[in-house]
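First residue of the sequence shown? That's 1 in the numbering used here, and the numbers climb one at a time after it. Just so you know, even glycine gets a beta-carbon here, dropped at the ideal spot from N, CA and C. The block underneath contains the structure these notes are about, expressed in structure tokens.
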Amino acid sequence: MTEVKVEVTGEMEAPLDLPQKNSFHNFLKLPTQMPDPKEWIQQQRQNVRPWLVFIQTSNFKTPPSIPRLGKRIMRNIEYFQANYLFVFLGLIIYCLITSPLILFALSATFYAGYRINKRHTETKTVIMGKELTLAQQYGILWFCSLPIYYIVGAHGAMFWVLGASFFFIGLHASFYNIEAIIPRSEDSFPLLEQV
């Protein structure tokens with residue numbers, strides 16, 4: 001038998017460690033950069049669909065089947081996402097207007113946070129010989145505010161807002177016929193194939 005000589009010289013790069021797509025660890029990762037709130041709100045305002053289209057009663061129809069219901073909900077949430085956000089914010093404002101104690105407690109907390117921020121720029125806060133950072137001071141304020149929020153009933157209002165939002169948004173997304181606005185795409189029948 002003849003020997004075959006293969007030259008193995010050169011530089012070799014290590015393969016990149018790519019994260020696994022279905023890893024639970026990746027699911028828990030939080031975004032490292034938060035978007036600017038003003039910029040994000042401006043972007044959501046630009047994405048708001050016309051409110052007359054959003055509440056047009058002629059487009060409310062029952063879904064023909066359960067699988068179509070799931071697709072309809074997903075398409076409505078994608079299409080009307082900014083509108084649903086403003087419905088949620090409207091329910092929060094309604095809740096705050098009808099619960100003046102919660103509004104008063106929130107105002108007091110925000111004012112205390114403003115005072116902490118202002119004092120932090122002027123002088124440093126020292127407790128038991130340790131300097132507190134601004135985040136630690138906000139954490140103490142938040143921790144001290146929790147019992148006040150509990151007393152004024154903020155927990156009930158929060159769950160009311162979440163429940164009402166899920167109910168109204170779910171109801172709209174279930175019964176609004178999005179196909180009247182956006183025609184169904186070709187991939188809506190995945191079982192049909194061209195031969």
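Let me confirm a value: residue i is counted as buried when at least 16 other C-beta atoms fall within 10 Å, else exposed. Which label applies?
i    : result
R75  : buried
R45  : exposed
R68  : exposed
R72  : buried
Y150 : exposed
Y176 : buried
F54  : buried
In its own chain, which residues sit with a C-beta less than 8 Å from the C-beta of residue i, not counting the 5 before and 5 after it?
i    : result
R49  : Y79, F80, A82, N83
L134 : I116, N117, H120
W51  : N83
So, at 7 Å on beta carbons, what are the nonlocal neighbours of residue i in its own chain, with the 5 sequence-adjacent residues on each side left out?
i   : result
Q42 : none
According to the Cβ coordinates, are residue i and residue j closer than 8 Å?
i    : j    : result
C95  : A173 : no
I116 : L85  : no
V87  : F168 : yes
A164 : L101 : no
Considering only C-alpha positions, which residue in the set the options is nearest to residue i?
i    : options             : result
G153 : V4, A105, T123, S58 : A105
T109 : L146, V6, E122      : L146
Which residues in the same chain as residue i place their Cβ atom closer than 6 Å to its Cβ, once the five residues preceding and following it in sequence are excluded?
i    : result
S99  : A157
K124 : E131
- request: Note down, one range per segment and in chain order, each alpha helix (DSSP H) of at least 4 residues found wholly within the segment 72-134.
  value: Qualifying alpha helix (DSSP H) stretches, in chain order: 81-98, 100-122.
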